[in-house]
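Novice:
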Amino acid sequence: MKKAVAITGFLFLLITINAQEGFSNRQKALYIFDITRYVDYGDALDKLAIFEIGLLSEDTYFYAEVTDLVKTRREIHGIPAVVRVYRKVEDIEKPNVLFVSKKEGYNLKEVVKKLEGTKAFIMSEDYEFGNSMFNYIVVNGEPRFEINKQMLDRAGLGINPGLLVQAVKTVEDWENLYDVTSEELERQLEVVEQQKKIIAEQLAEIERQKALLDSLDREISEKEEVLRLKQRQLEQQTREIRGQEQEIASQKRTIAIQQAEVAAQRDTLLVQRADIADKLVEIGDKQQLINTQEEKIKVQLESIEKQKIFLIAAAFVLLLISFLAYYIYRGYRIKKEANIKLEEKNRTISRQKDEIEKQKDLAESQRDQIAYQKKHITDSIMYAKRIQTALLPSLELFSDEIDHFVFYKPLDIVSGDFYWVSKNNDRQIIIAADCTGHGVPGAFMSMLGVTMLNEIVNGKGVEMPDRILNMLRDEIIDSLKQSIDEDRVKDGMDMTVSLIDYKKNKLWFAGANNPLVFIRDGELETYRADKMPVAIHYSMSPFKLHEIDLRKGDCFYMFSDGFGDQFGGPRQKKFMVKHLKNTLLEVSGLPMIEQGEKLNKIFEDWKGTNAQVDDVLLIGVRY
Numbered sequence: 004m005k006k007a008v009a010i011t012g013f014l015f016l017l018i019t020i021n022a023q024e025g026f027s028n029r030q031k032a033l034y035i036f037d038i039t040r041y042v043d044y045g046d047a048l049d050k051l052a053i054f055e056i057g058l059l060s061e062d063t064y065f066y067a068e069v070t071d072l073v074k075t076r077r078e079i080h081g082i083p084a085v086v087r088v089y090r091k092v093e094d095i096e097k098p099n100v101l102f103v104s105k106k107e108g109y110n111l112k113e114v115v116k117k118l119e120g121t122k123a124f125i126m127s128e129d130y131e132f133g134n135s136m137f138n139y140i141v142v143n144g145e146p147r148f149e150i151n152k153q154m155l156d157r158a159g160l161g162i163n164p165g166l167l168v169q170a171v172k173t174v175e176d177w178e179n180l181y182d183v184t185s186e187e188l189e190r191q192l193e194v195v196e197q198q199k200k201i202i203a204e205q206l207a208e209i210e211r212q213k214a215l216l217d218s219l220d221r222e223i224s225e226k227e228e229v230l231r232l233k234q235r236q237l238e239q240q241t242r243e244i245r246g247q248e249q250e251i252a253s254q255k256r257t258i259a260i261q262q263a264e265v266a267a268q269r270d271t272l273l274v275q276r277a278d279i280a281d282k283l284v285e286i287g288d289k290q291q292l293i294n295t296q297e298e299k300i301k302v303q304l305e306s307i308e309k310q311k312i313f314l315i316a317a318a319f320v321l322l323l324i325s326f327l328a329y330y331i332y333r334g335y336r337i338k339k340e341a342n343i344k345l346e347e348k349n350r351t352i353s354r355q356k357d358e359i360e361k362q363k364d365l366a367e368s369q370r371d372q373i374a375y376q377k378k379h380i381t382d383s384i385m386y387a388k389r390i391q392t393a394l395l396p397s398l399e400l401f402s403d404e405i406d407h408f409v410f411y412k413p414l415d416i417v418s419g420d421f422y423w424v425s426k427n428n429d430r431q432i433i434i435a436a437d438c439t440g441h442g443v444p445g446a447f448m449s450m451l452g453v454t455m456l457n458e459i460v461n462g463k464g465v466e467m468p469d470r471i472l473n474m475l476r477d478e479i480i481d482s483l484k485q486s487i488d489e490d491r492v493k494d495g496m497d498m499t500v501s502l503i504d505y506k507k508n509k510l511w512f513a514g515a516n517n518p519l520v521f522i523r524d525g526e527l528e529t530y531r532a533d534k535m536p537v538a539i540h541y542s543m544s545p546f547k548l549h550e551i552d553l554r555k556g557d558c559f560y561m562f563s564d565g566f567g568d569q570f571g572g573p574r575q576k577k578f579m580v581k582h583l584k585n586t587l588l589e590v591s592g593l594p595m596i597e598q599g600e601k602l603n604k605i606f607e608d609w610k611g612t613n614a615q616v617d618d619v620l621l622i623g624v625r626y
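Sequence positions in the sequence shown follow this note's numbering and run 4 to 626.
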């Protein structure tokens, strides 16, 4: 009962929307999601990881609308939904629901034949009665649909009875809908043409008004700018006048004070002039007496001057002799002290020279010893490299079978990254691994991994990627005696394992921290790895197995973290995995050997003069 009410409400909503606006791409996308909810797939959905919505269409806007809706709706029947677009009937694979429109010229019978034997729900638009599982047209803005129960039964699908009640039952009713649609379309076309003319005239008038308003806006802006400039000038002049008025008032007060002082001084000056006249007479008398005394003083001064000159000359000669004696004595003292310090420095230099000679002999001895040890260590590492190289396959992994490249660049002489290949009849195993650390420790881990892989795959015959990772993890934990409660860095490896089945055209993938990048027809998809290493870990669930259908021309890539972690570029930053994926998408159209060369050049240009930070491994394969 609740489902019937929901269906009735849904159909009423669609009728209301379309009566107002027509049947748009957004509403068709909603139609796909809401109708598919009422389709019963039986047990066909139990093992599905994704629910695929197929669009047989060349309308990119329609594809964008459905993709945007998936971002909000996300699930159908509780399963994550994805959208895949097909340009041709022969491109169709196995969608769970497929939408096709007669407006784009596709042959519905060919579509039905292509999906025969699969549990795919076919939704169509504007096709003839009885040719599709679910077919609809729009009449007067209202969606009408017919349901072919026989086709649903043959596909093993069921549909809610509430939708069956709403469906058109006979071909006559369906043809009548088409007749009404044609008449209504012609009438609406005439109305649309008239509205187009009116809109064109209104747009022209709007443009004229807009041009006039733009001209007035510019004129008003210019006048406002002139007024603002004059206003600023007037305010400046006002401030200057106010300052001048204050200064004038201050000067007036100062002048009044000065005038009062001048009057007082004038009165005082008159009194002083009378006093001065009396004193001048008295001064005249005293001046005569002074003149007589000055004559006597001149005679005495001449005698005193002669005595002063003699005393100054004698004092100067005595002072000169004193300074000369002092400087002679001081030079003697300085010379004596300098000789003592020079002798002390000579003895110190002699001792330092002997010490330097001893340190030089010791340094030369240590240098020779370090050089010998370095050569011995380097020879050992070079021998380890020969052993590691012998264990690894050649860079031409499987040239006779498939187009590929291997970009392998160790940080040191030996590497913690390694790759491994095995082939059994129609099946090819390819592995890319990144061990803990690099250099000698990483090389030990890589040789341990190669040895265990030989035992697991070649010795025990295990081929599926998830089983290989599970068994390899158990072997590493047992061999290294790892324990989950140990408070230290866990030795192990991140790994990508892929299995190609040439007979079935299948690719199986499982990953430990490292993903697999898959490119088809210029579209990139990332298959995520499990977030745990091939080693002891606080969460150790079984590794997940991914199955991928292969077509000729498909490319897939496996890599360690060395390429993405490399510092360089104009800003001295990491290359990053996102940048690496975009680069792989750009070069995916080239032959694989040229891809390897191109990626090597990109890596070296990015690194520049910086040191390489980690081992680098990247494997690309074209099927």
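Glycine residues also receive a C-beta, built at the ideal position from the N, C-alpha and C atoms.
Between Glu24 and Gln234, what straight-line distance do the alpha-carbon atoms span, to the nearest angstrom?
Specialist: Note that Glu24 scores 42 on pLDDT, short of 50, meaning its location in the model is unreliable and no value can be drawn from it.
Novice: State the CB to CB distance for the pair Leu527 and Lys584, rounded to an integer number of angstroms; the pair is presumed to be in contact (CB under 8 Å).
Specialist: Indeed they touch by this definition, with Cβ atoms about 6 Å apart.
Novice: For a minimum of 3 consecutive residues, which ranges assigned as the beta strand (DSSP E) are wholly contained in the segment 251-295?
Specialist: Whole beta strand (DSSP E) segments, 3+ residues: zero.
Novice: Kindly give me the distance between the Cβ atoms of Asn516 and Asp494, rounded to whole angstroms, as I take these residues to be in contact under 8 Å.
Specialist: Not a contact, Cβ separation roughly 14 Å.
Novice: When you compare only the Cα positions, how much space is there between Thr173 and Glu149?
Specialist: Roughly 9 Å between the two C-alpha positions.
Novice: Going by DSSP, what residue range makes up the alpha helix (DSSP H) through Ile605?
Specialist: Its alpha helix (DSSP H) spans residues 595-610.
Novice: Using the C-alpha atoms, what's the distance from Leu588 back to Glu597?
Specialist: So the alpha carbons of these two residues sit roughly 14 Å apart.
Novice: Here's a check: name, in chain order, each residue in its chain whose Cβ is nearer than 6 Å to the Cβ of Leu322, leaving out the five neighbours to either side.
Specialist: Excluding positions up to five away in sequence, the list is empty.
Novice: In this structure, how does DSSP classify Glu528 when only helix, strand and coil are distinguished?
Specialist: Glu528: strand per DSSP, three-state reduction.
Novice: Going by Cα to Cα distance, which pick from Ile605, Lys122, Lys152 is closest to Gly571?
Specialist: Residue Ile605 is the option with its Cα nearest to Gly571.
Novice: Have a look at Met455, Asn461, Met467 and flag the residue whose alpha-carbon is nearest the alpha-carbon of Asp477.
Specialist: Residue Met455 is the option with its Cα nearest to Asp477.
Novice: Return helix, strand or coil for Ile352, following the three-state DSSP convention.
Specialist: Helix.
Novice: So, is Gly445 buried or exposed, given that buried needs 16 or more other C-beta atoms within 10 angstroms?
Specialist: Classification for Gly445: buried.
Novice: In whole angstroms, give me the CA-to-CA distance for Glu358 and Lys348.
Specialist: Using only the alpha carbons, I get a separation of about 15 Å.
Novice: Would you report the Cα separation of Gly525 and Ser591, rounded to the nearest angstrom?
Specialist: Cα to Cα, the separation comes out at about 8 Å.
Novice: Shortest alpha-carbon distance to Asn508 belongs to which of Ile251, Tyr66, Arg625, Ser449?
Specialist: Checked all of Ile251, Tyr66, Arg625, Ser449; the closest Cα to Asn508 is Arg625.
Novice: Taking the alpha-carbon positions, what's the Leu304 to Gln291 distance?
Specialist: Looking at the two C-alpha atoms, the distance is approximately 20 Å.
Novice: Measuring CB atoms only, is the segment 119-131 touching the segment 152-159, in the sense that at least three cross pairs come out at less than 8 Å?
Specialist: Short answer: they touch.
Novice: If we cut at 8 Å on Cβ distances, does Asp469 have a partner in chain D?
Specialist: Looking for chain D here will not work: only one protein chain is present.
Novice: Mapping the DSSP letters down to three states, classify Arg625 as helix, strand or coil.
Specialist: If DSSP states are grouped into helix, strand and coil, Arg625 belongs with the strands.
Novice: Start and end of the beta strand (DSSP E) containing Asp437?
Specialist: Note, Asp437: beta strand (DSSP E), 430-438.
Novice: Spatial neighbours of Tyr406 within its chain, please: C-beta separation below 6 Å, excluding the five flanking residues on both sides.
Specialist: The sequence given here places Asp at residue 406; Tyr does not occur at that position. Correct list, in chain order: Met595, Arg625.
Novice: Ordered along the chain, which non-local residues of its own chain (more than five positions away) have a Cβ less than 8 Å from that of Ile38?
Specialist: So the list reads Met126, Phe137, Leu166, once near-sequence residues are dropped.
Novice: Please look up how many angstroms separate the CB atoms of Ile503 and Cys558, rounded, as I've assumed it's under 8 Å.
Specialist: Not confirmed; about 13 Å, so no contact.
Novice: Please identify the residue among Arg29, Ser482, Ser104, Leu621 whose C-alpha is closest to the C-alpha of Lys601.
Specialist: When each option's Cα is compared against that of Lys601, the closest is Leu621.
Novice: Nearest by alpha-carbon distance to Phe566: which of Ala532, Lys534, Thr529, Val616 is it?
Specialist: Nearest C-alpha to Phe566: Val616.
Novice: Taking buried to mean at least 16 other C-beta atoms within 10 Å of its own C-beta, is Ser353 buried or exposed?
Specialist: Ser353 comes out exposed.
Novice: Determine the direct distance from the alpha carbon of Gln355 to that of Asp490, and round the result to whole angstroms.
Specialist: The predicted model places Asp490 with a pLDDT of 48, which falls under 50 and marks its position as unreliable; any figure quoted below should be read in that light. Approximately 51 Å between the Cα atoms of the pair.
Novice: So what does DSSP say about Asp494, is it helix, strand or coil?
Specialist: It is coil, neither helix nor strand.
Novice: CB Leu111 to CB Tyr89, shorter than 8 Å?
Specialist: No.
Novice: In this structure, how does DSSP classify Thr499 when only helix, strand and coil are distinguished?
Specialist: Three-state DSSP puts Thr499 in a strand.
Novice: Please classify Phe326 as buried or exposed, where buried requires at least 16 other C-beta atoms within 10 Å of its C-beta.
Specialist: Exposed: under 16 other Cβ atoms inside 10 Å.
Novice: In three-state terms, what does DSSP make of Asn613?
Specialist: In this structure, Asn613 counts as coil in the three-state DSSP scheme.
Novice: What number of angstroms, rounded off, separates the C-alpha of Val92 from the C-alpha of Val453?
Specialist: Approximately 46 Å, taken between the alpha carbons.
Novice: When we look at the beta-carbon of Ile3 and count the other beta-carbons within 10 Å, is it buried (16 or more) or exposed?
Specialist: The structure shown has nothing for residue 3, since the chain only spans 4 to 626.
Novice: In the DSSP assignment, find the beta strand (DSSP E) that holds Lys412 and state where it starts and stops.
Specialist: 406-412 is the extent of the beta strand (DSSP E) around Lys412.
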